[in-house]
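In the working numbering, the protein residues as written are 415 to 677.
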Ligand SMILES: *[C@@H]1O[C@H](CO)[C@@H](O)[C@H](O)[C@H]1NC(C)=O
Ligand SMILES: *[C@@H]1O[C@H](CO)[C@@H](O)[C@H](O)[C@H]1NC(C)=O
C-alpha cells in the first residue's frame, strides 16, 4: 500500500513538471517574434556620412595597416566613402541583430548601383600582394564588398534602412557632395607641397555644403598630419544636411592648422 502511494506521488510530481515544461515552451513559442533587421529599435535623429581620403590613409600609416604596393598610382585622387553611420550621440547603441546581407546578390540586381559603389566605396587597404590584371580586379571588388558588409554590420544594421536603401542612400548622399578634392584644388587651397589649411578647408566646405562638417586628421609614422576624413551630418527624417555636432566649438581635430592632402 505504502509503495503504491509513493508511486502515485511520483507520478503526480512527474506529470506536473511535464505540464509546466509544456506550458513554458508553448508560452515561449507565443512570445517569440523574429526580429526583422529593418525594425531594430532605433533612437537616433541623424546620420553622419563619413568620407575619407585614401592616399592620406596609405601614406605611412601609424596603425599597422598596409595598402597595395601600387596605392600611389592606383588609388583615386578623391574622397571616397567610409560609411553612413547613425549618430546615437549620448543614447545607447541598440544591440542589433547584425546580420550581413548577401551583398553580391544585392548589387547583381542593380548594375548601375554596383558600378557606382565600386567607384566610390573602395577598400582603401586592399592589397593584391603582387597579383595583377583581372585577378586583381576581382579581388579588389571582393574586398570592397567585404568592406561594405562590415560597414553594414557595424552601422547599417542600426540605420533603420533596408540593405538596398542603405547602400543606395549612402551613394546618393556622397554623389551630391561633388568632387571635394577637385574643388579644393581648383580653388587654390592645396599648395605645391600638398599642404592644406584645415580652417580654410572647413570654410570652403561650408560654402559648398551649406553646413559645417567635422574634419579629422591622422598622424603618420613621419609625424606628419594628414587630412583623413570629413564627417557630414544629416537629419534622419528628411536627409537634410546639418551642422555636425562635433564642429560646434572646433571644426577639426587636427593638432595644427596645416595638414597634408597629398596625392
Ligand atoms: C544628432 O543626434 C544626437 C542624438 O540624438 C544629438 O546629440 C545631436 O545633437 C544631433 N545633431 C547633430 C547635428 O549631430
Ligand atoms: C582625430 O580623430 C581620428 C579618428 O577618430 C584619430 O585617429 C586621430 O588620432 C585624431 N587626431 C588628433 C590629432 O587628435
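A virtual CB, placed ideally from N, CA and C, is assigned to each residue, including glycine.
Just the Cα atoms here: how many angstroms apart are residue i and residue j?
i, j, result
"residue 468", "residue 537", "9 Å"
"residue 457", "residue 546", "45 Å"
"residue 620", "residue 629", "12 Å"
"residue 595", "residue 493", "7 Å"
"residue 689", "residue 524", "Outside the modelled stretch of the chain, which goes from 415 to 677, sits residue 689, for which no answer is possible."
"residue 484", "residue 532", "18 Å"
"residue 659", "residue 626", "9 Å"
"residue 643", "residue 474", "16 Å"
"residue 564", "residue 671", "33 Å"
"residue 610", "residue 617", "12 Å"
"residue 561", "residue 488", "18 Å"
"residue 519", "residue 606", "45 Å"
"residue 544", "residue 624", "43 Å"
"residue 592", "residue 530", "14 Å"
"residue 556", "residue 472", "20 Å"
"residue 582", "residue 615", "28 Å"
"residue 638", "residue 661", "23 Å"
"residue 634", "residue 612", "17 Å"
"residue 599", "residue 608", "10 Å"
Does ligand 2 have even one heavy atom less than 7 Å from the beta-carbon of residue i?
i, result
"residue 659", "no"
"residue 472", "no"
"residue 630", "yes"
"residue 667", "yes"
"residue 522", "no"
"residue 633", "yes"
For a test of your reading of the model: does the CB of residue i fall under 7 Å from any non-hydrogen atom of ligand 3? Yes or no.
i, result
"residue 462", "As presented, the structure is devoid of ligand 3, carrying ligand 1 and ligand 2 as its sole ligands."
Less than 8 Å separating the beta-carbons of residue i and residue j?
i, j, result
"residue 460", "residue 588", "no"
"residue 482", "residue 541", "yes"
"residue 636", "residue 585", "no"
"residue 640", "residue 470", "yes"
"residue 514", "residue 554", "no"
"residue 666", "residue 462", "no"
"residue 517", "residue 559", "yes"
"residue 622", "residue 590", "no"
"residue 476", "residue 677", "no"
"residue 464", "residue 503", "no"
"residue 675", "residue 604", "yes"
"residue 575", "residue 508", "no"
Tell me the start and end of each unbroken alpha helix (DSSP H) in the stretch 541-615 that is at least 4 residues and wholly inside, in chain order. Counting only runs of 4 or more, we get 547-568, 577-590 and 594-600.
Quick one: which unbroken alpha helix (DSSP H) runs of 4-plus residues sit fully inside the stretch 468-496? Chain order, please. Runs of the alpha helix (DSSP H) lying entirely within the stretch 468-496, each at least 4 residues long, are 468-472 and 485-488 in chain order.
Runs of beta strand (DSSP E) lying entirely within the stretch 605-675, each at least 3 residues, in chain order: Those beta strand (DSSP E) runs which fall completely within the stretch 605-675 and span 3+ residues are 609-611, 628-633, 639-649 and 672-674.
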